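According to my numbering, the sequence shown is numbered sequentially starting from 170. Cβ coordinates follow ideal geometry from the N, Cα and C atoms, glycine included. All figures in this text were calculated on a predicted structure; none of them were measured in a lab. Below is one structure, written out as structure tokens, with a few remarks after it.
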Amino acid sequence: MFAERIAKAVTGLRIDDWNNSILEQFITSLQQFKNTVEDFDSTADQRQDVKGKQYKIVTVNENGEEEIKSFDRVEYSRRAELLYRDITGAISDMGQSISEQEKRQVLFEILESLC
């Protein structure tokens, strides 16, 4: 039965082996799962609202904590278009002489210094 499988997955015990404290633990865990799903849905809705309007970059600092940096998308000026072409051209010119990972790392380190 579906409910029994969920109960065992959440508590690690069959329902037959539960006591009152396990029941309370199960209810608390279900509430936490529900809150997590609702928070995720809310965040997903917020991401949809800003899609195409904002950039968000998530990095992990030396303490292992996530840092979120965001900024608005703007239209390119002519000089920005030139910069874009120069950067993409430089990356393309590197070809296989450096790995894709190194290329990404260089770009992200530049972004971090600008944010």
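Residue range of the alpha helix (DSSP H) that residue i falls in?
i	result
Asp241	Taken as a continuous stretch (DSSP letters only), Asp241 belongs to no alpha helix (DSSP H), being part of the beta strand (DSSP E) at 235-241.
Ile279	269-283
Arg174	171-180
Between which two residues does the beta strand (DSSP E) holding residue i run?
i	result
Tyr245	Tyr245 -> no beta strand (DSSP E), and no H or E assigned at all.
Take residue i as the anchor and find which of the options has the nearest alpha-carbon.
i	options	result
Gln194	Val179, Ile267, Glu271	Val179
Arg242	Gln223, Glu234, Leu252, Leu251	Gln223
Ala259	Tyr245, Val275, Gln200	Val275
Glu281	Ile175, Ile191, Ser239	Ser239
Ser198	Ile267, Asp186, Lys177	Lys177
Cys284	Glu231, Asn232, Ile237, Asp208	Ile237
DSSP puts residue i in a beta bridge; with which residues?
i	result
Thr228	Glu236
Gln265	Paired residues: none, contrary to the question.
Gln223	Asp241
Going by beta-carbon coordinates alone, are residue i and residue j separated by less than 7 Å?
i	j	result
Glu234	Val227	no
According to DSSP, is residue i part of a helix, a strand, or is it coil?
i	result
Asn204	helix
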